[in-house]
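Final position of the sequence shown in the numbering used here is 330; the numbers increase by one with none missing. Glycine included, every Cβ here is placed at the ideal spot set by N, Cα and C.
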Amino acid sequence: LKSKERTPKDKRAILEWSAKFVIRFFENAGLDILFDGEQWRSEMYEHVIRNVEGFKFLGYVKSFDYRYFNKAACISKPKYVKPFYVEEFIFTRKNTDKEVKVPFTGPYTLVDWTFNEYYEKKLSGRVKDFKLRKLEARRDFLFDLVREVIRQEISKLVEAGAKWIQIDEPAATTNPSAEEMELFVEAFNETVKGFNCTFSLHNCYSNYEVLAKYATELRNCSQLALEFANRDSRQTGIGEVRIGYRELKLFEDYGFRGNYGLGVIDVHTDFIEPPELVRDRILNAAKIIGDPSKIFVSTDCGLRTRTWEVSFAKLRNMVLGAELARKVLS
């Protein structure tokens, strides 16, 4: 798509073909709820920042393993220029009869992954205390982004017919202090308030002991999509062998009463989880939660680091494992 030899028409054709390919890929695997694999996006952070005024890209930094993202600095107040998810959502909805869930990079993560030059410079002469200045500048940046950009995009998605938006916040517990977690919660609540839409939160590879304490403060959050398979053993069975799912109980103990996007597939390995292992992970979670209807079976996170062949095998076995669990639970 970056080739200068291809015309805009060529690039559009490639983009649409790749999106349709992933939609059919997910349908053939047996998924009930899907999107287009984010084929319209270069990467979850860069795609948003590149379509918003007020940022300057500075170069690539390592995010995980051998994966990198193009990090930016905020150099002026963020300004919403044009929709960055709406066209992708409309295309996906037109090309599937399945339920569509829109993954949406959350404001806290966007701020956490960005150099906050503009807001810190604004406060440099007024707030002398370094720590206080950093926090106040971070807060100003975060809520300007929420009100001027994020809510604008959500409004357009809802107008276009979006019924379920998943707010992706991988950075949610990066700074586990009480003041930072309260800032994260406040930003989430400000982001989703007032819209006629279902919202959920996706968070992975994080500190769930911290997140569980604050999950009940999230308003209009119907589901927590969490990563557990990455932490779990590969043995079948329920109970003690399911070491990766111990922290699920924390969310119940702290009083979260929504649904769970239960991660049962490890996306960082080529290991193909047998359906029986998926089944037991689901049954174990059902025992902890007490209500199987609250479980939405899913992968830990996106499968972009896996090959198409491995991804399909994992997804197919996830579906088969869910079917086995339903038979037991019924």
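Please report the straight-line C-alpha distance between arginine 246 and aspartate 36, rounded to a whole angstrom. 32 Å
Are there 16 or more other CB atoms within 10 angstroms of the CB of aspartate 253, so buried, or fewer, so exposed? exposed
Threonine 305 versus Arg67, Trp40, Val61, residue with shortest Cα-Cα distance: Nearest option by C-alpha distance: Arg67.
Between Lys98, Lys121, Tyr60, which has its C-alpha nearest isoleucine 75's C-alpha? Lys121
Nearest candidate by alpha-carbon position, reference lysine 77, set Pro292, Thr236, Glu43, Phe141: Phe141
What residues match up with leucine 201 in a beta bridge as DSSP calls it? DSSP lists Ile167, Leu224 as partners of leucine 201.
Bridge partners for isoleucine 33 per DSSP, in chain order? Isoleucine 33 is bridged to Glu99.
Residues near arginine 133 by beta carbon distance below 6 Å, same chain, minus five either side: Leu123, Val127
Burial state of aspartate 300 (16 or more Cβ within 10 Å): By the 10 Å Cβ count, aspartate 300 comes out buried.
Judging by CA-CA distance, which residue of Glu179, Val241, Trp308, Lys156 is the nearest neighbour of valine 86? Lys156
Residues bridged to glycine 263 by DSSP? Its beta-bridge partners are Ser298.
Cβ atoms of isoleucine 165 and cysteine 197: under 8 Å apart, would you say? yes
Could you round the C-beta distance between leucine 324 and glutamate 276 to whole angstroms and report it? I think they count as a contact, below 8 Å. 7 Å
By DSSP's criteria, glutamate 87 is part of a beta bridge. Which residues make up the other side? In the DSSP output, where bridge partners are listed per residue, glutamate 87 has none listed.
Nearest to serine 177 by CA position, among Lys193, Asp32, Val297, Leu135, is which residue? Leu135
Taking just the CA atoms, how far does serine 233 sit from aspartate 266? 11 Å
Would you grab the beta carbon distance between arginine 279 and glycine 321 for me? Rounded to a whole angstrom, and I think it's under 8 Å. 5 Å
Per DSSP, what are the beta-bridge partners of glycine 237 in this structure? Glycine 237 is not bridged to any residue.
Could you have a look at valine 52 and say whether DSSP puts it in helix, strand or coil? strand
If you follow the beta strand (DSSP E) that phenylalanine 69 is part of, which residue opens it and which one closes it? Here the beta strand (DSSP E) through phenylalanine 69 covers 67-80.
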